[in-house]
Structure formats: C-alpha cells, structure tokens
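Report on the following structure.
Structural data, given as structure tokens:
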C-alpha cells in the first residue's frame, strides 16, 4: 500500500523519517498543487492530512475525495 502525508513542515519531516511519503503544504495553493500531483498517479491508496493543512482548503480536499478511484483520505485528529 502506498501512502502519503500532507502536513506542515514538522509533520512531513516526522513522517518522512518513519518511511512515509510526505508533502509539506504551507498554504492552500500548495495543498491544491499536491492534490493534483497525487491525483495523477494511480497507485496511491491512502492520504493522511494534518488538521491544520485540511483547514487551508477544505473544498479542494472534498473535491479530491469525491473523485472516482481516489485514495482513502483521512484527516488526522
């Protein structure tokens, strides 16, 4: 299973050290860009999103979730 975290720089660094794929997102534009890149690949199964990053662009995140064949998207508590 391929998984990736979308989070702030500290979260991304911690998950990367644990062997996860991680993309740091500082603003809504970076989050939307990351979601576009993730949507282009077909092998991704799980996307974890930190709460702070999920609040940056909730509509973009919901649109990503609604796509057919999209990976499971979980916002961390």
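In our numbering, the protein residues as written are -9 to 67. We put the beta carbon where it would ideally sit given N, CA and C, even for glycine.
Give every residue of the same chain whose Cβ lies closer than 8 angstroms to the Cβ of residue 24, excluding the five residues on either side of it in the sequence, and list them in chain order. Excluding residues up to 5 positions away in sequence, -4, 13 and 15 lie with their Cβ nearer than 8 angstroms to the Cβ of residue 24 in the same chain.
How is residue 66 classed by DSSP in three states: helix, strand or coil? If DSSP states are grouped into helix, strand and coil, residue 66 belongs with coil.
Suppose you measure from the CA of residue 42 to the CA of residue -2; what does that come to, to the nearest Å? For the pair residue 42 and residue -2, the Cα-to-Cα distance works out to about 8 angstroms.
Own chain, CB closer than 8 angstroms to residue 70, minus 5 neighbours either side, in chain order: The requested residue 70 is not part of the displayed model; the chain covers only -9 to 67.
As a quick exercise: from 50, 29, 49 and 65, pick the residue whose alpha carbon is nearest that of residue 59. Of the candidates 50, 29, 49 and 65, the one whose C-alpha sits nearest the C-alpha of residue 59 is 29.
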